[in-house]
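As structure tokens, this is what we get:
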């Protein structure tokens with residue numbers, strides 16, 4: 030832990046200035062898109078208008094939208110396939126998706142559309158559930174309909190959400206304990222990509238992966254029985270199997286390369302925080318992104334993927350209480366989320382970060398991670414379920430990290446709602462002080478990033494920014510780590 034924290038502190042340090050505080054431009058990196066996923070709140074006619082207004086205030090300019098095949102297909106709950114042209118978009122009930130994508134286009138927001146299961150019952154191999162071995166040919170036809178419907182409104186497509194998770198694809202493992210889902214996913218990905226091409230998108234921008242962060246390379250079916258088949262597959266094991274590579278990233282079959290615009294991953298961590306490093310080498314959290322970049326480079330060397338494939342962190346959030354398994358305090362949620370974004374921004378291969386949820390899911394009532402057999406919701410939102418703002422609601426537009434380095438502190442931040450270079454006011458307070466004092470006004474770069482090195486002593490830090498429209502934003506208190 031100490032070595033990782035030290036590394037982050039070194040990354041955060043800019044050139045030291047004279048006096049109590051020295052400002053400098055933000056550390057050189059790259060323009061990183063940040064996708065916001067509001068889930069059902071953006072699809073519900075009763076909540077979507079207010080939610081869009083909130084996102085505008087927060088500085089959102091890109092959306093990730095999950096399009097569930099089961100939610101729009103005809104006769105989705107029937108085991109018998111209805112007679113219809115599956116490539117014709119007129120034969121689907123697109124519902125709130127039409128409104129949301131049209132609204133995003135009106136606002137000039139970038140849209141990432143993740144087309145995923147669950148699927149119609151008639152499109153599965155068993156026709157008993159909504160996730161078991163979906164028919165790749167049927168999925169390809171559906172993707173053609175999607176491409177014809179939304180081709181001009183979508184900048185990026187992604188095929189399947191967390192295909193290494195049993196909530197979205199089964200079986201995850203074979204009876205011999207080896208992964209089953211990667212090869213199923215490969216067929217779905219190829220069919221989906223071809224389906225977009227059939228819709229007239231000659232060179233569609235499609236992300237591969239969308240993997241959940243943790244899982245297993247193999248399972249012991251003899252010991253665990255059928256429950257073993259429902260574990261997640263570790264993301265890097267999933268990657269290798271989907272690309273027909275062995276554990277040394279060498280070709281293990283006759284599979285050809287897959288076309289992709291980037292690799293999508295959900296780098297969630299646990300309550301240990303953003304620096305947590307899972308001991309299993311095939312698991313990838315926000316603190317171990319180097320594992321993923323290395324795996325992608327090895328896959329490219331094996332000619333299974335394009336070289337230098339960019340990474341899109343398309344789903345991320347920090348769980349807060351009342352999540353009883355993974356939740357941290359709401360104050361720490363804001364701190365950890367900013368640190369995670371700083372880690373992503375520091376990695377030149379990462380071209381996109383994300384925030385999952387505006388408002389929390391019901392505890393125990395919504396689809397989410399399976400923990401010890403129980404289904405829990407996500408409490409990664411900027412608001413509680415009742416709509417009350419958490420500190421993250423104020424911190425997300427103005428993320429701030431504060432790292433100790435000897436007798437100095439290094440600060441990094443972003444003014445997310447800014448549309449160009451601006452200035453931000455940095456405030457500091459002593460341990461028992463009731464009021465903050467102004468430390469310095471710092472200029473940002475053209476993307477809103479800034480950094481500062483200071484010898485000022487303080488226990489709490491925060492930032493304030495006034496928009497050109499006269500709206501004052503103020504982030505929550507942040508402690509030095």
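Residue numbers (our numbering): 30 to 510. Note that CB positions come from ideal geometry on N, CA and C, so glycine has one too.
Next item on the list: Could you check what DSSP says for residue 69 in three-state terms: helix, strand or coil?
Entry: DSSP places residue 69 in helix when its eight states are reduced to three.
Notebook entry, point to check: Is residue 482 helix, strand or coil when you go by DSSP?
Noted result: Three-state result, residue 482: strand.
Next item on the list: Decide if residue 368 is buried, meaning its Cβ has at least 16 other Cβ atoms within 10 Å, or exposed.
Entry: Note on residue 368: 16 or more other CB atoms within 10 angstroms of its CB, so buried under the neighbour-count rule.
Item checked: In chain order, each beta strand (DSSP E) run of at least 3 residues that lies wholly inside the segment 347-434 -> Counting only runs of 3 or more, we get 379-385 and 429-434.
Checklist line | Three CB pairs or more closer than 8 Å across the segment 293-305 and the segment 246-260 | finding: Contact check between the segment 293-305 and the segment 246-260: fewer than three CB pairs, one atom from each, fall below 8 Å, which does not count as touching.
Check: So residue 363 and residue 420 are in contact, right, with Cβ under 8 Å, and what is the actual spacing, rounded?
Finding: That pair is a contact at about 4 Å.
Notebook entry, point to check: Going along the chain, which residues of its own chain have a beta-carbon closer than 7 Å to the beta-carbon of residue 280, five neighbours each way excluded?
Noted result: Cβ within range, chain order: 273, 274 and 331.
Check: Since residue 342 sits in a beta bridge, which residues does DSSP pair it with?
Finding: When beta bridges are read from the DSSP output, residue 342 appears opposite 294.
Notebook entry, point to check: Are residue 81 and residue 132 touching if we call contact CB-CB under 8 Å?
Noted result: Contact flag set, yes.
Margin query: In this structure, how does DSSP classify residue 170 when only helix, strand and coil are distinguished?
Written below: If DSSP states are grouped into helix, strand and coil, residue 170 belongs with the helices.
Next item on the list: Taking residue 299 as the reference, give the member of 184, 447 and 316 with the closest Cα.
Entry: In terms of CA proximity to residue 299, 316 leads the group 184, 447 and 316.
Next item on the list: Would you list the residues sitting across from residue 187 in a DSSP beta bridge?
Entry: As DSSP reads the structure, residue 187 sits in a beta bridge with 143 and 236.
Notebook entry, point to check: Where do the ends of the alpha helix (DSSP H) carrying residue 132 lie?
Noted result: Residue 132 -> alpha helix (DSSP H) spans 125-135.
Notebook entry, point to check: How about residue 68: is its C-beta nearer than 8 Å to some C-beta of chain C?
Noted result: Given the protein chain composition of this structure (a single chain), no chain C is represented.
Notebook entry, point to check: Which class does residue 253 belong to by DSSP, given the choice of helix, strand or coil?
Noted result: Of the three classes helix, strand and coil, the one that applies to residue 253 here is helix, per DSSP.
Notebook entry, point to check: When DSSP labels each residue in this structure, what does residue 176 get in the three-state scheme?
Noted result: Residue state, collapsed to three classes: helix.
Margin query: Check this for me: beta carbons of residue 348 and residue 423, under 8 Å apart or not?
Written below: Taking 8 Å as the Cβ cut-off, residue 348 and residue 423 do not qualify as a contacting pair.
Note to self: Distance check for residue 427 and residue 370, CA to CA, integer angstroms please.
What the structure shows: Going from the Cα of residue 370 to the Cα of residue 427 covers about 11 Å.
Check: Is DSSP giving residue 497 helix, strand or coil here?
Finding: The three-state secondary structure of residue 497, taken from DSSP, is coil.
Item checked: Rounded C-alpha distance that separates residue 64 from residue 508 -> C-alpha of residue 64 to C-alpha of residue 508: approximately 26 Å in a straight line.
Notebook entry, point to check: In the DSSP assignment, what are the bridge partners of residue 151?
Noted result: Paired residues: none, contrary to the question.
Item checked: residue 150 and residue 108 closer than 8 Å at C-beta -> Cβ atoms of residue 150 and residue 108: closer than 8 Å.
Checklist line | Alpha carbon of residue 491 to alpha carbon of residue 505, nearest angstrom | finding: If you draw a straight line from the Cα of residue 491 to the Cα of residue 505, it is about 6 Å long.
Margin query: Taking the alpha carbon of residue 493 as the reference point, which residue from 510, 285, 472 and 235 has its own alpha carbon closest?
Written below: Minimum Cα distance to residue 493 is reached at 472.
Next item on the list: Taking the CB atoms as reference points, tell me whether residue 66 and residue 440 lie closer together than 8 Å.
Entry: No, Cβ-Cβ distance for residue 66 and residue 440 is not below 8 Å.
Note to self: Using 8 Å for Cβ pairs, my map puts residue 373 next to residue 342. What's the rounded Cβ distance?
What the structure shows: Contact flag correct, Cβ pair sits at about 6 Å.
Check: Is it buried or exposed for residue 497, if we count other Cβ within 10 angstroms and need 16 for buried?
Finding: That one is exposed.
Note to self: Which residue wins for smallest C-alpha separation from residue 119, given the options 110, 236 and 103?
What the structure shows: Measuring C-alpha to C-alpha distances from residue 119 to each of 110, 236 and 103 identifies 103 as the nearest.
Next item on the list: Quick one: residues in its chain with C-beta nearer than 8 Å to the C-beta of residue 350, no 5 flanking neighbours on either side, listed in chain order?
Entry: So the list reads 356, 357, 358, 359 and 408, once near-sequence residues are dropped.
Check: Hey, is the segment 141-148 in contact with the segment 91-102, meaning 3+ C-beta pairs nearer than 8 Å?
Finding: Yes: at least three Cβ pairs fall under 8 Å.
Margin query: Between 69, 148 and 449, which has its C-alpha nearest residue 125's C-alpha?
Written below: Measuring from the Cα of residue 125, the nearest candidate turns out to be 69.
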